[in-house]
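In this text, residue positions in the sequence shown follow my numbering: the first is 1, and each later residue adds one. Presented below is the structure to which this report refers.
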Amino acid sequence: MKNISLFLMLVTCLFITGYSQVWSHNSARETGEPAVENLEIDNPEEALYHYKKALQEHQLSGNLSGEVNALETIALIYTRQKSYSLARYYCRKALRTGEATFHAYYLLAQIAYEENRNFPEAQKFCSEGLLKFPGNRQLARFQVWLNQRGDAELFPNLPAVQRAGLPEARQSSLSSLEQEIVEEMNRARQNPSAYARHLEELKAYFDKDLLKLPGKIPVRTREGVKAVDEAIAFLKRARSLGKLKASEGMSRAAKDHVLDQGRSGKTGHIGQDGSKPYERMERYGSWEGLSGENIAYGDETARMIVMQLIIDDGVPNRGHRENIFNPEFRFAGVAVGSHPIYRTMCVINFAGQFIEKQETSER
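Here you go:
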């Protein structure tokens, strides 16, 4: 087996600052470069000033959706600053408008957990949010994560896979979203020129370097639409590649890392036990040729996850895109789960060849 492994992570979140890391198996050097600059975190005091000013303007003009967006964003910034009383105050103001989004419920649940580990209250806000927004993935995943975390704190001496709620790490199949991510990557690989139209549609939501998606907090990108145009040009000249085959073992390795960081709140490619991506894959089989890993934090849909990895904003070598379009990669494993800070995360493992362990395929 060639000892070549590329470990790549993309952090793209509509709420918190993103960054990118490129790891090399043959070097201990780590390089990091911001991929997304978000005003709310990079300049919190300036952001609070501008959003409070915007809040007053929206209230005077009767722009209810703008008012709610400002209230929830202010609450988010205070949450990140651990000013929980102020964050709770602005969340409740958003709820009183009657037009709050799921973010207000999510933040209240997060505050209840972070401030004093109040699991019942956090669960209550998740449940209330799901009543108003049935099927909301972020609230549902956070609710699952709270169950997992609660079990971990109640039964700290049990192995993780034995705690209630954690057998998900050994599920026998990919979730619908995880399967969608594999299919989305394959659509891009098989017909890159046709996939470019999705990026063309995304351009309409850019205002200079700000990405303003409907219902989302604006994100300040590093390169703006220039990176999207460059990705479109790449797709239009890229050749068609074969499908990535979903691997059960590689997906379980990815899920191990999702659950690990879901508990720890950390980011990056190294597990709490010191494991590297290729070592986690080796728990469930053997890989050959080339291996790699992408991690995306914050996005909810398969299309947004894959598009952000392809655009690779702020990453000079576009390493995440290279993983998706690497002709040597034939197998992929995907896992999606909750993250206590970035809210959601997706781990994608790649390999040129992967042979499942017998016990993995039989589970």
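Just so you know, even glycine gets a beta-carbon here, dropped at the ideal spot from N, CA and C. A quick note: this is a predicted structure, and the numbers were derived from the prediction, not measured.
Option in the options with minimal Cα separation from residue i
i: Tyr89; options: Gly98, Glu99, Ala104; result: Ala104
i: Pro327; options: Leu309, Asp313, Ser240, Lys357; result: Ser240
i: Leu177; options: Val258, Ala351, Cys346; result: Cys346
i: Lys357; options: Ala296, Arg283, Leu290; result: Arg283
i: Phe125; options: Arg92, Thr97, Glu99, Ala238; result: Arg92
i: His339; options: Phe325, Thr267, Asn191, Trp287; result: Thr267
i: Ala94; options: His50, Leu199, Ser83, Ala75; result: Ala75
i: Gly289; options: Glu322, Tyr342, Gly352, Ile324; result: Gly352
i: Tyr113; options: Lys276, Ala100, Trp145; result: Trp145
i: Leu199; options: Ile295, Ser286, Phe234; result: Phe234
i: Ala373; options: Asp209, Asn136, Glu72; result: Since the first and last residues shown for the chain are 1 and 363, residue 373 lies out of range.
i: Asp229; options: Ile217, Phe206, Gly215; result: Phe206
i: Asn304; options: Arg117, Val182, Gln143; result: Here residue 304 turns out to be Met, not Asn, going by the sequence shown. When only C-alpha atoms are compared, the closest one is Val182.
Cβ separation of residue i and residue j, assumed to be a contact under 8 Å, to the nearest whole Å
i: Glu300; j: Thr344; result: 6 Å
i: Lys203; j: Val225; result: 5 Å
i: Gly62; j: Ala54; result: The Cβ separation is near 14 Å, so there is no contact.
i: Ala140; j: Leu130; result: 7 Å
Check whether residue i and residue j have beta carbons under 9 Å apart
i: Phe331; j: Ser247; result: yes
i: Arg220; j: Leu211; result: yes
i: Glu293; j: Ile355; result: no
i: Val306; j: Ala196; result: no
i: Gly333; j: Gly249; result: yes
i: Gly314; j: Ala231; result: no
i: Pro218; j: Ala253; result: no
i: Asn136; j: Phe102; result: yes
Status (buried if at least 16 other CB within 10 Å, exposed otherwise) for residue i
i: Glu380; result: It is not possible to answer for residue 380, since the shown part of the chain is limited to 1 through 363.
i: Lys255; result: buried
i: Ser27; result: With a pLDDT of only 22 at Ser27, under the threshold of 50, the placement of this residue in the model should not be trusted; the figure read from the coordinates follows. Its Cβ having fewer than 16 others within 10 Å, Ser27 is exposed.
i: Gln261; result: buried
i: Asp273; result: exposed
i: Arg237; result: exposed
i: Pro167; result: With a pLDDT of only 36 at Pro167, under the threshold of 50, the placement of this residue in the model should not be trusted; the figure read from the coordinates follows. Pro167 is exposed by the Cβ-count criterion.
i: Ser85; result: exposed
i: Pro369; result: With the chain running from 1 to 363 in the structure shown, residue 369 is simply not present.
i: Glu184; result: buried
i: Thr97; result: exposed
i: Tyr49; result: exposed
i: Ala302; result: buried
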